[in-house]
Structure formats: structure tokens, C-alpha cells
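Going down the list, the sequences are from chains Z and F. Going by the working numbering, the first residue of the first sequence is number 1, and it counts up by one from there. Going by the working numbering, the first residue of the second sequence is number 1, and it counts up by one from there. Using N, Cα and C, we set each Cβ at its ideal position, and we do this for glycine too.
Number of protein chains: 2
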Amino acid sequence: MEQFSDLTAAQTFTETENRMNAEQIIATLKTLVDDGKVLTDPSDLDTYGKDWTKIYPPKPMAIVFPKTTEQVQALVKFANEHQVALVPSGGRTGLSAGAVAANGEVVVAFDYMNQIIDFSASDRTVRCQAGVITEQLQNFAEENGLYYPVDFASAGSSQLGGNLSTNAGGIKVIRYGMSRDWVAGLKVVTGKGDILELNKDLEKNNTGYDLRHLFIGAEGTLGFITEATMKLSRKPDNLTVLVLGLNDLTNTMDVLQSFQKQIDLTAYEFFSHQAMQHVLAHGQVQAPFETEAPYYALLEFEATSDQVMDDAMALFEQCVENGWVLDGVISQSETQAQNLWQLRERISESIAPRTPYKNDISVVVSKVPPFLTEIDAVVTEHYPDFEIIWFGHIGDGNLHLNILKPEGMANEDFFEKCQQVNKWVFEIVERHQGSVSAEHGVGMTKKPYLQYTRSETEIAYLKGIKQVFDPKGIMNPGKLFD
Amino acid sequence: MEQFSDLTAAQTFTETENRMNAEQIIATLKTLVDDGKVLTDPSDLDTYGKDWTKIYPPKPMAIVFPKTTEQVQALVKFANEHQVALVPSGGRTGLSAGAVAANGEVVVAFDYMNQIIDFSASDRTVRCQAGVITEQLQNFAEENGLYYPVDFASAGSSQLGGNLSTNAGGIKVIRYGMSRDWVAGLKVVTGKGDILELNKDLEKNNTGYDLRHLFIGAEGTLGFITEATMKLSRKPDNLTVLVLGLNDLTNTMDVLQSFQKQIDLTAYEFFSHQAMQHVLAHGQVQAPFETEAPYYALLEFEATSDQVMDDAMALFEQCVENGWVLDGVISQSETQAQNLWQLRERISESIAPRTPYKNDISVVVSKVPPFLTEIDAVVTEHYPDFEIIWFGHIGDGNLHLNILKPEGMANEDFFEKCQQVNKWVFEIVERHQGSVSAEHGVGMTKKPYLQYTRSETEIAYLKGIKQVFDPKGIMNPGKLFD
Numbered sequence: 001m002e003q004f005s006d007l008t009a010a011q012t013f014t015e016t017e018n019r020m021n022a023e024q025i026i027a028t029l030k031t032l033v034d035d036g037k038v039l040t041d042p043s044d045l046d047t048y049g050k051d052w053t054k055i056y057p058p059k060p061m062a063i064v065f066p067k068t069t070e071q072v073q074a075l076v077k078f079a080n081e082h083q084v085a086l087v088p089s090g091g092r093t094g095l096s097a098g099a100v101a102a103n104g105e106v107v108v109a110f111d112y113m114n115q116i117i118d119f120s121a122s123d124r125t126v127r128c129q130a131g132v133i134t135e136q137l138q139n140f141a142e143e144n145g146l147y148y149p150v151d152f153a154s155a156g157s158s159q160l161g162g163n164l165s166t167n168a169g170g171i172k173v174i175r176y177g178m179s180r181d182w183v184a185g186l187k188v189v190t191g192k193g194d195i196l197e198l199n200k201d202l203e204k205n206n207t208g209y210d211l212r213h214l215f216i217g218a219e220g221t222l223g224f225i226t227e228a229t230m231k232l233s234r235k236p237d238n239l240t241v242l243v244l245g246l247n248d249l250t251n252t253m254d255v256l257q258s259f260q261k262q263i264d265l266t267a268y269e270f271f272s273h274q275a276m277q278h279v280l281a282h283g284q285v286q287a288p289f290e291t292e293a294p295y296y297a298l299l300e301f302e303a304t305s306d307q308v309m310d311d312a313m314a315l316f317e318q319c320v321e322n323g324w325v326l327d328g329v330i331s332q333s334e335t336q337a338q339n340l341w342q343l344r345e346r347i348s349e350s351i352a353p354r355t356p357y358k359n360d361i362s363v364v365v366s367k368v369p370p371f372l373t374e375i376d377a378v379v380t381e382h383y384p385d386f387e388i389i390w391f392g393h394i395g396d397g398n399l400h401l402n403i404l405k406p407e408g409m410a411n412e413d414f415f416e417k418c419q420q421v422n423k424w425v426f427e428i429v430e431r432h433q434g435s436v437s438a439e440h441g442v443g444m445t446k447k448p449y450l451q452y453t454r455s456e457t458e459i460a461y462l463k464g465i466k467q468v469f470d471p472k473g474i475m476n477p478g479k480l481f482d
Numbered sequence: 001m002e003q004f005s006d007l008t009a010a011q012t013f014t015e016t017e018n019r020m021n022a023e024q025i026i027a028t029l030k031t032l033v034d035d036g037k038v039l040t041d042p043s044d045l046d047t048y049g050k051d052w053t054k055i056y057p058p059k060p061m062a063i064v065f066p067k068t069t070e071q072v073q074a075l076v077k078f079a080n081e082h083q084v085a086l087v088p089s090g091g092r093t094g095l096s097a098g099a100v101a102a103n104g105e106v107v108v109a110f111d112y113m114n115q116i117i118d119f120s121a122s123d124r125t126v127r128c129q130a131g132v133i134t135e136q137l138q139n140f141a142e143e144n145g146l147y148y149p150v151d152f153a154s155a156g157s158s159q160l161g162g163n164l165s166t167n168a169g170g171i172k173v174i175r176y177g178m179s180r181d182w183v184a185g186l187k188v189v190t191g192k193g194d195i196l197e198l199n200k201d202l203e204k205n206n207t208g209y210d211l212r213h214l215f216i217g218a219e220g221t222l223g224f225i226t227e228a229t230m231k232l233s234r235k236p237d238n239l240t241v242l243v244l245g246l247n248d249l250t251n252t253m254d255v256l257q258s259f260q261k262q263i264d265l266t267a268y269e270f271f272s273h274q275a276m277q278h279v280l281a282h283g284q285v286q287a288p289f290e291t292e293a294p295y296y297a298l299l300e301f302e303a304t305s306d307q308v309m310d311d312a313m314a315l316f317e318q319c320v321e322n323g324w325v326l327d328g329v330i331s332q333s334e335t336q337a338q339n340l341w342q343l344r345e346r347i348s349e350s351i352a353p354r355t356p357y358k359n360d361i362s363v364v365v366s367k368v369p370p371f372l373t374e375i376d377a378v379v380t381e382h383y384p385d386f387e388i389i390w391f392g393h394i395g396d397g398n399l400h401l402n403i404l405k406p407e408g409m410a411n412e413d414f415f416e417k418c419q420q421v422n423k424w425v426f427e428i429v430e431r432h433q434g435s436v437s438a439e440h441g442v443g444m445t446k447k448p449y450l451q452y453t454r455s456e457t458e459i460a461y462l463k464g465i466k467q468v469f470d471p472k473g474i475m476n477p478g479k480l481f482d
């Protein structure tokens, strides 16, 4: 695959003076972390060298597990001295190959930096090591009567450091924003080996450039995030779900606008009729109502009083009167709400056996209908046998495009055609001033397409910043850009 | 004053090859902007060369008023070629001398880039030129049934570009965050003269380092913000104000924590008894109740239903039972709510005749009580005749420290003593890991104290970033750091 040609950065290190051979490097690594915390078995190299993309064959030199920020710093200083490429590794749930080690790099895994260090009820903040699992943080918040609102499918295994390095979003962005919005402070080790305490957990602090926001979403190319102080929120009250059958794609916008004027939505998701058919065929989930609709919207909100429920019902009726909504159902209990969510949440697993080509793209909300229609048209024109499944976080403009492999088509043939689809999709993304990666990051898979969202001039500034924090290019080389 | 010694950056430009004399520079400026948009009259130089600090005598060479981003770009390219120092100028309401031109710089004023360019009801975004006045944006939002929630005393004259360059906060941060949180996209001209479209107004966009967040709060040292797409919110409903008399400073935390568990506060302010006495003496405002208390808290929330009001009353009663609250009053109408706000909002004007020494500092919320007590103690110990007035946004840890000049003390004598107070205050800020500038920025007044909040190592990275965007050092030299 063409992406591989870009991945030679790690190999160029062998030309420098201070280089060590693999044996020497591994021996030194063992002096920098705790006993037994350097792995080199082939099965470990395979496990820790890849993420969920599984496109690039993993080939790390070793896996190290630091336990403290100081050990991370020692690793970075060593890497600088001897030009050793380092790849950060969290829960390895990434979908852009941002945490893949395919070129003899040393993987720095945060599995043993998984402690919740501090909690302040007054400040509603919790200080975590980078290896804390998303669900661990969610549960901790709940145990303390609070709420960590960033949530997504991989919450059970993704680590906080990885979430922040890709600025993960998920299903509640319309109300709660991205991971970025919940970071009060960060401790990082820069690519030069400096430990920085960024923002000191302050709510208000206007003392020069906010480096915290530079490390968030940097995919480990500027340094390692080792600790983060995360903000927590009030627990939402009586979350209620409304599923609507829509007459037309543009009605998603009409419905959104009507509801947002009166009710703070905590989620606004959508999925196509085809998507729902796959979920129903997969079993265990019922259709929300008998009426068939081309598209469905799922709205969630806090029904904090009867007034809110009355407002929601009045809005629903108005949407029906306007011809936007064909039918709908509202949850009357927590169980019903969870069941309705299944319609949206089970899409991915229901289509998984069909080897879907996946793409995570975004535009501003109002451009979703024409954007989706254009992509549909170009794919259908060229590949009429491709089944397109749309779903996603339409309330924030983030669509998940999934194309299913036709039965009987060879994988290789399908993947090759999908490369062509990529080009069409990203050209449409560029025309609509969208993003080639809404929430999965760039890593290696989106690297060849970065210029569809960021201009060449802008990319030159990104490289300038990289040079400031990681002048030797040891931090996750070959990711984001070359 | 010692700050002046740092301000020689602009003068070093005279050593370069390409330099022009003032006459040549002014002649060229006239070719780069519209007719009549270069001012050099002494009164204009005086007006546009200073902000609200009024410490540094203004001495700009000229004032230019671009009308387009392309004109700004032309100015920056010219400045690069001939080493001309540029100072951005918005509403000039700054309190850290970030927009002061005291060394023969060319002031670039955005007064004629004051158009609202675009509005999208579906996206709830509005595209503004940098010179749009805060209140103009607030009013525009209201006319369209929406809400721009960033609000502060200078909203009637501060410009959006300036707000973003200092990441202004104000009185609703506890609910709505800082200016930063409302920026969907930015158009900037970098110090090298490149026009960049940052983030393309997207809600989700994880394609490399977020340069948008680097320009926000940069005080014009990396380039000019020329346009911003701002997000808008649902209009708040039935805003209700509760003023409480507190038994003790630590009760501010108890009350905050109790209420936040159940109600989303839109503001949580506090002021001392002394502060209120000045407001009452100033006239037009009534005491909220007869009971005297050492501290007062002002809470605001949306009373969207009777349930919320019942919850608030129950919480109030619980706070009284716990001995935290001595007395309280709740607004029953919008007028009453506005009247209660006067108790907090009129503090600044009521103490203005007493030549207050002002400082805008922050710590994490839970550290407010010991932090304030320590500062009180050290000032009172050394200067028992100084009257200290405390108020501020205690819900986000941002305190406004005001010290009133004793009657009869000479201004100079007072200012000199305040320099000593500065040092004590910032040492206490550093010990509590706070910020020497919560929301006013660094500019020139806080520059000598930057290292109390940002480490020397961190400041070196800030300088590295500056070098990437403004290698010739033409953008607002002498501000933030040297």
C-alpha cells in the first residue's frame, strides 16, 4: 500500500553517530524502568505494536512500561541521545494507526501508569495518570456523585492519554464538547525531555500561549502526556430518549433547530433505514415503531421536570405537523431509553461481518444534507453494487460513512476500489470545507489526505511547532506528517 | 518604572539594512490601506496608543485602519521587509498594557473591520470581523433568538479580536467558559504574513495541532486575528438571583458544592462586607437584607420550572441549618434580579475615586479561602492602614484584589508600596500554583511576573513558538516576554 512508502523516518536514525544496536538499546531500556517492564517476546511485540486498524504489520523493537513521569523522562532523554524512535501506546483502540509501531520503534505503553492520583470535590476535578481507562474514570466520577461525560464505543479499553492525544469526542459532544473541554491541566514530557506542568488545573489563566491545547490532539508527536487533571460535571438527571422517523435528510436540520431553541440536547444522532435494517437483522433489538422512514434521528435530553416533557411533546407534534417527522417514540423509563440507544449503538457490530470500509469525516452541521447526498451520488454512480450505511453524530456534523463489501467480491478488489472512494470522499470534504478526520486523528491512514483539510502553508507551521518540541524527531515519527 | 527597561525591542529594528525613516514608513502605509486611514495627529496617537492601564505614555509612529484581511496581510509583509513593529488595537479596554504602543510602533486598529459577515441559524454560528464590539455581537445574537454568553464590564467598547487575544472570561465562566470556548474558527494573518483559516468552523476536527487555540490568548504576539466564527447558545430562561450572607469565607465553598450538585449555576460571585459598604455609600443600591455578614455570595441560575425554585429554596434552608448562611434573598422578577446584580457590578465604580491598586489573580476554587487569608494577613501586617476590598468570580477561582489608597497618602508613595505588595501577592500565587493573570493577559504590566505562573523551561517553549510564527519579531514586541 502506498502509505508504507512514507514510513522510513525511524530507519534514518541508523545513520547517526550515537547509534546503538538493538541489543544495546534493549539493555539500556532495562536500566530505565522497573524490573520486568521491558518486553521483547514476538507475541508482545505483535500485541503492543498495533491498534484497531490492523493494516500495518507491527514490528516494534521492544515494549517498555514506565511507572512514573520521571521514568518517561529518562526514556525520552535516552531516545534523544541515541536517536531511538518512540511510539506512545494507550488502549490501542485507535482507528488511524496513530499508535502503530511498524518500523522497529520502542513502544512506550502506559498500562502501569493507571492510577487516579487525586480528587477534589470542591473543584470537581480528578487527577489521573495517562493510563487510566476511560470507563475507570467514568465509574470513579459516578462513585463520587459526579459525571465524566466523554463517552464512546471503546470506553472499556481506551486510555485517557490516548483519548487526549486524539481529542476524542463521541456521542455527547453536542452538549459536553470534546475531551479537550474537560482538561484542567496536563503533565507532559516534551520530545526534548522536559517535564512541563501545563495550566496548573486553573479555570482562568491568561499567561501566554496555552500549550495544554497544543498537546491535546497532537497524537504523541510533540511528547508524552503522563498525567491529566480532568473536570467532572453534575450527573445528568432522568435522561430521556426520543427516536423520530424523518421524511427527508434535510428534516434532520429542521428538527435539530426546533428542539435546540428550547431544550439542551445531550445527544443528537442519526442513522439511515439501511443501518437500522442491519441492526434488526442482527437480532435482540426491536424496531421503534411500524412506520418506515428513510432516516431516523435519536434525541436525548434531561427531562428534569414535567415542563420539559411537555415541551418535548409539543415540539414533536409541531415537527409532525410540519411534515418533517413521520412517526416517533419517547422513552418512559431508563430501560426504555437504553433500548432505544441500542438502535444506534449496535450498528457497528451488526455490519462488522461485511468488512466495512469506514470513514470518519465532518462538516459544519448545516452542510450535512448536501454533503451526504453528494457522496452517495458519486459512490453509487461508480459502484452501484456498494451498499452505503450512514450513521453518526449529526448534531455536531460528524458522519460515519460505512461501505459494505458486496458478497463475493475479493477483499483486495474491494480495498482497491475503496482507495478510489477515499479520493472522491476527500475531494467532497475539501469542497465543503470539512475535516478528513473528525475524531479519529490522522496517524498514518489519514496522513496522505491531511492537505484536504489543512493548507500546505498551515502544515508548514505544524512542522515548525514539531521542531520546537521534538527537534530530533524521536516522537512517533511518520505519524501526522513526514 | 522598571517595566520600561524591557521595551527596547522596537528600537533594535533601526539597526537593520532595510530600514526606512518614519516619513517613508508613513508614506508607504498610505499606499497599503484606504484613503484617510493612516492617522498621525498627536491626539490620535495619544488615543490609539494606550489602553485602560494608562501607565505607559503612548508614543506610536502612526495609526492605520485596515478594512480587509488582505490589507492586514499587506501591512504585515511590509513590516517584515522593513522591520516595523506593529501593535494590534481593539477597544483598548485592556488592563495589562497589551495594546499599548510606547516605542514608535505602528498601531493596527480594527475599528473599520467591524462587520458581522455571516450567520447560520442551523449551526448557531456567526462570522465576525475582529473589530466587532462585544455588545454588538450580544445584541445580534439576541435579535436572532440566541445568546452570546461571554460578558464583562467593558462589553460596550471591547472588540472581539481583543477579547480573543486575551481569552476574556467575565461573569458567566462557571457555566459558559471563556471566550476560547465559543470560537468555531479563526482567520488570522501570521507574523510572517500568511493568511490561515483555522478550524474551518468545525465542531469536530482532529487533523493535527489546533492552531486556533494558540492564537487565542496570544495577545497579538503571533499575528493578527482578522475574523472569527463565534458559536451562540440558547437564550437562558428566567434567570434568578440569590444573594446570601455567609458566616465565614470557607462557607463559600460549602455553598458552591451544595448547589452545584443539583443546579447548573450561571454565575457564582462573591464580595466582602467592605466592598458592599462602598457600593451602598455610593448610593442608588439597597442592602439585600438587614443581617450583616463578613462575605456575600451571589448565585444565578435558570429557574426553568417550579421544581428548580423548590430545589433552590431547599438548598438555601439546608445552608442556613448548617450554619453556613446567615441570611439571604431571592429575586422574584427580572428587575429584582438586575437590582441584586448591582451589589456586585457597582463595586469597581464605587471604589474608583480611592485610586485602587488592582490585581487579577486566580487559584483553583478550593484554594480560594486560604489564598485570600494569606494575602490579607501579609498586607495587613505591613500596611495596616491599607483597606483591602475583595470581590470576584469565586466560582472559577478568579479574585479581584483591590487595595484602596489611605486618605492623605501621596500617589507615588502608594504606588511604590504596591510594588512591594505585588511581590508578596505573586509569591503567594506561586505557592498556591495560581495565575498572575486570570483574565487580563500579561502585556507589559504582568511581564516581569510571568515566571511566577510559567516555569522558565515553559517560557523557553513559548519563545520557540513565537519564533515559528513571527521570526522577525514585528508582532507586538515587548509584550508577554522579551
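- Only exposed fits Asp118 of chain F, as fewer than 16 other CB atoms lie within 10 angstroms of its CB.
- Taking a contact as a CB-CB distance under 8 Å, the pair Ala130 of chain Z and Ala228 of chain Z counts as one, their CB atoms being some 7 Å apart.
- Val365 of chain Z has a beta carbon lying within less than 8 Å of a beta carbon in chain F.
- Under the DSSP assignment, Gly328 of chain F falls in the beta strand (DSSP E) whose first and last residues are Val325 to Ile330.
- Residue range Val173 to Tyr176 is occupied by the alpha helix (DSSP H) that includes Tyr176 of chain Z, with no beta strand (DSSP E) assigned at that position.
- At a cut-off of 8 Å between C-beta atoms, Tyr461 of chain F counts as an interface residue with respect to chain Z.
- Burial is judged here by how many other beta carbons sit within 10 angstroms of a residue's own beta carbon; Glu381 of chain F has fewer than 16 and is exposed.
- Proximity to Asn422 of chain F across F:Asn398, F:Asp396, F:Leu450 and F:Gly395 peaks at F:Leu450, based on C-alpha coordinates.
- Against chain Z, the CB of Ala275 of chain F has no partner CB under 8 Å away; the residue lies outside that interface.
- Counting C-beta pairs closer than 8 Å gives three or more between the segment 77-84 of chain Z and the segment 14-34 of chain Z, which meets the contact rule.
- Take the alpha-carbon of Ser362 of chain F and the one of Leu202 of chain Z: they are about 7 Å apart.
- Val442 of chain Z reaches chain F at Asn206, Thr207 and Gly208, counting residues in chain order whose Cβ is nearer than 9 Å.
- When DSSP states are grouped into helix, strand and coil, Ser435 of chain F belongs to the strand group.
- Between Leu214 of chain Z and chain F, the shortest Cβ-Cβ separation is below 8 Å.
- A contact between stretches requires three or more CB pairs, one per stretch, nearer than 8 Å, and the segment 182-193 of chain F fails this requirement with the segment 239-251 of chain F.
- Taken through DSSP and simplified to helix, strand or coil, Arg354 of chain Z comes out as helix.
- Boundaries of the beta strand (DSSP E) harbouring Lys187 of chain Z: Val183 to Thr190, taken from the DSSP string.
- The beta carbon of Pro288 of chain F sits closer than 6 Å to those of Val243 and Val329, all from its chain and outside the five residues before and after it, given in chain order.
- Glu458 of chain F has a beta carbon lying within less than 8 Å of a beta carbon in chain Z.
- DSSP, read as helix, strand or coil, puts Glu387 of chain F in strand.
- Looking at the DSSP output, Pro88 of chain Z sits in a beta bridge with Z:Val108.
- Taken through DSSP and simplified to helix, strand or coil, Ile25 of chain Z comes out as helix.
- The Cβ atoms of Lys466 of chain F and Met444 of chain F lie no closer than 8 Å to each other.
- Looking at the backbone, the Cα of Leu160 of chain Z and that of Gly217 of chain Z are separated by about 12 Å.
- The segment 144-163 of chain Z and the segment 55-70 of chain Z do not touch, with fewer than 3 CB-CB distances between them shorter than 8 Å.
- In the three-state reduction of the DSSP assignment, Val255 of chain F falls in the helix class.
- In the DSSP assignment, Asn476 of chain F is bridged to no other residue.
- At a cut-off of 8 Å between beta-carbon atoms, Lys423 of chain Z makes no contact with chain F.
- By the rule that beta-carbons nearer than 8 Å mark a contact, Lys405 of chain F does not touch chain Z.
- Here DSSP, grouped into helix, strand and coil, assigns Asp44 of chain Z to helix.
- Here the C-alpha atom of His432 of chain F lies approximately 13 Å from the C-alpha atom of Trp424 of chain F.
- With a cutoff of 8 Å on beta-carbon distance, Leu198 of chain Z and Trp324 of chain Z are scored as not near each other.
- Residue range Gly223 to Lys231 is occupied by the beta strand (DSSP E) that includes Thr226 of chain Z.
- Between Asn167 of chain F and chain Z, the shortest Cβ-Cβ separation is below 8 Å.
- Contact of Gly94 of chain Z with chain F is not assigned, every C-beta pair being separated by 8 Å or more.
- The three-state secondary structure of Phe481 of chain F, taken from DSSP, is coil.
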